[in-house]
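Below: one structure, written as structure tokens.
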Amino acid sequence: MASLAGIATRINAGNGNDLVTVLAVDSLATLTIDLQIGAGDLLKLGDGSLTNLLGDIRVIDADGVGIAIDDTASGIARRVTLDANVVTYSDLFSLDDSVATLSSLTLSGSNAGNSYLVIATKPGVTTLNTGLGDDTTVVTGTSAMSALTIQGQHGTDSVTLSGGDRSSEHSRVGLHRE
Ligand SMILES: [Ca+2]
């Protein structure tokens with residue numbers, strides 16, 4: 050779906066397991082997606098490129114939603130920040146998930162060399178598929194009951210864990226390379 054400029058758009062997906070795919074959000078738009086009931090709800094942002102996602106997106110879900118963010122085919126380097134309640138792609142969109150319970154959050158990057166800053170994670174499983182190029186990931190914090198997996202894929206990737214003052218005893222960080 051695509052949202053309209055200057056208009057607040059809300060989708061109530063309905064009960065049951067829903068799939069919502071967002072391909073475009075105008076820079077002046079706000080889009081709220083309420084997945085409602087359904088433990089198997091899935092929200093997809095982008096279908097290979099995030100270039101047309103330019104507005105603010107908010108997701109609501111009470112009983113578990115999987116979120117997949119797919120920029121794999123854009124060919125553009127992105128700067129991405131993950132905090133406890135918001136995922137921000139610089140110069141593009143922000144995704145507010147402060148009132149959503151996540152079952153999973155998966156970010157899949159392009160081959161252009163991306164940079165990721167992880168300040169905090171939400172409870173659930175977060176996976177960074179950083180991309181096929183040379184990617185940089187800095188993790189300064191993770192949160193209780195969360196698991197973070199970083200898949201460097203191809204390229205010369207770097208991962209820095211620097212959360213010395215944050216407890217990580219209840220979270221897991223895994224690093225993988227193909
Ligand atoms: Ca890589």
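Each step along the sequence shown adds one to the number in the working numbering, with nothing skipped, and position 152 is 201.
Glycine is no exception: its CB is placed at the ideal position from the N, C-alpha and C atoms.
In this text the structure is predicted, and so the values were computed from the model without any measurement.
Any chain C beta carbon closer than 8 Å to residue i
{"i": "residue 73", "result": "Protein chains in the displayed structure number just one, and chain C is not present."}
Check: residue i C-beta below 7 Å from any heavy atom of ligand 1
{"i": "residue 179", "result": "yes"}
{"i": "residue 202", "result": "yes"}
{"i": "residue 75", "result": "no"}
{"i": "residue 206", "result": "yes"}
{"i": "residue 124", "result": "no"}
Burial state of residue i, where buried means 16 or more other Cβ atoms lie within 10 Å
{"i": "residue 71", "result": "buried"}
{"i": "residue 195", "result": "buried"}
{"i": "residue 115", "result": "buried"}
{"i": "residue 209", "result": "exposed"}
{"i": "residue 65", "result": "exposed"}
Among the options, nearest to residue i - alpha-carbon criterion
{"i": "residue 182", "options": "171, 132, 120 and 196", "result": "120"}
{"i": "residue 107", "options": "91, 75, 86 and 147", "result": "147"}
{"i": "residue 154", "options": "67, 189, 201 and 176", "result": "176"}
{"i": "residue 173", "options": "66, 222, 63 and 100", "result": "222"}
{"i": "residue 110", "options": "224, 92 and 123", "result": "92"}
Sequence-distant residues of the same chain with beta carbon closer than 8 Å to residue i, five excluded per side
{"i": "residue 58", "result": "52, 78, 79, 80 and 81"}
{"i": "residue 67", "result": "84, 85, 87, 90 and 91"}
Same chain, Cβ closer than 7 Å to residue i, five either side skipped, listed in chain order
{"i": "residue 102", "result": "71, 73, 74, 94, 95, 141 and 142"}
{"i": "residue 152", "result": "113, 114, 115 and 173"}
8 Å contact criterion, which residue i and residue j should meet: CB distance rounded
{"i": "residue 150", "j": "residue 112", "result": "6 Å"}
Cβ shell of residue i (< 6 Å), same chain only, five flanking positions each side left out
{"i": "residue 203", "result": "181"}
{"i": "residue 170", "result": "191, 192, 195 and 197"}
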